[in-house]
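Notes to accompany the following structure.
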Amino acid sequence: MTIFEKIARREIPANIVWEDDEVIAFHDVDPKAPVHVLVVPKRVIPRVAESMPADQALLGKLLLTTRHVAEKLDLLESGYRVVINNGPDAGESVPHLHVHVLGKRRLSWPPG
Ligand code: AMP
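The sequence shown begins at 187 in this note's numbering and counts up by one.
Right, dumping it as structure tokens:
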């Protein structure tokens, strides 16, 4: 079981900001910005490169959920970044698809 599945099952504590039947969103334990939330599908897809056509609705749901998170945490006006790390060069560390939502500071581009 992945660490994010354990969070969804309440086996590991997390500061949850959004949840429904399909997704859960919670604050990152090691934040890289004043707001750093992870949006995670409850059904495990290891990474976006392994998603399938049958995952299309769930992938869309993840992006729509970032909008709910941004609204709830007052990011809509200041802006925010949505990030998916896929594989070693991107720094992926948890093999359970998750979308980072980063905000409340000016983020540089391109990323390091
Ligand atoms: P990534 O590097 O894209 O795979 O992102 C994984 C993220 O999960 C990192 O930003 C970690 O800080 C975060 N993380 C790992 N364990 C936990 C946890 N128990 N609760 C919240 N965030 C976590």
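Glycine included, each C-beta is placed from N, C-alpha and C at the ideal position.
Taking C-beta to C-beta, are residue i and residue j nearer than 9 Å?
| i | j | result |
| --- | --- | --- |
| Phe190 | His282 | yes |
| Phe212 | Ile193 | yes |
| Val255 | Val215 | no |
| Thr188 | Val225 | no |
| Val269 | Pro297 | yes |
| Val223 | Leu259 | yes |
CB-CB under 8 Å to residue i, same chain, minus the five flanking residues each way: which ones, in chain order?
| i | result |
| --- | --- |
| Gly265 | Gly289 |
| Lys247 | Glu208, Val209 and Pro227 |
| Leu261 | Val221, Val255, Val287, Gly289 and Lys290 |
I believe residue i touches residue j by the beta-carbon criterion, under 8 Å. Please report the beta-carbon distance rounded to the nearest angstrom.
| i | j | result |
| --- | --- | --- |
| Glu278 | Arg233 | 6 Å |
| Asn272 | Ala235 | 5 Å |
Residues in its own chain within less than 7 Å of residue i by CB, not counting five upstream and five downstream?
| i | result |
| --- | --- |
| Leu245 | Ser237 |
Apart from the five residues just before and just after residue i, which ones in its own chain have a Cβ nearer than 6 Å to its Cβ?
| i | result |
| --- | --- |
| Ala200 | Ile193 and Phe212 |
| Arg267 | Leu288 and Leu293 |
| Arg195 | none |
Assess, as a yes-or-no matter, whether the stretch 287-295 is touched by the stretch 238-249 under the definition of 3 or more beta carbon pairs within less than 8 Å.
-> no
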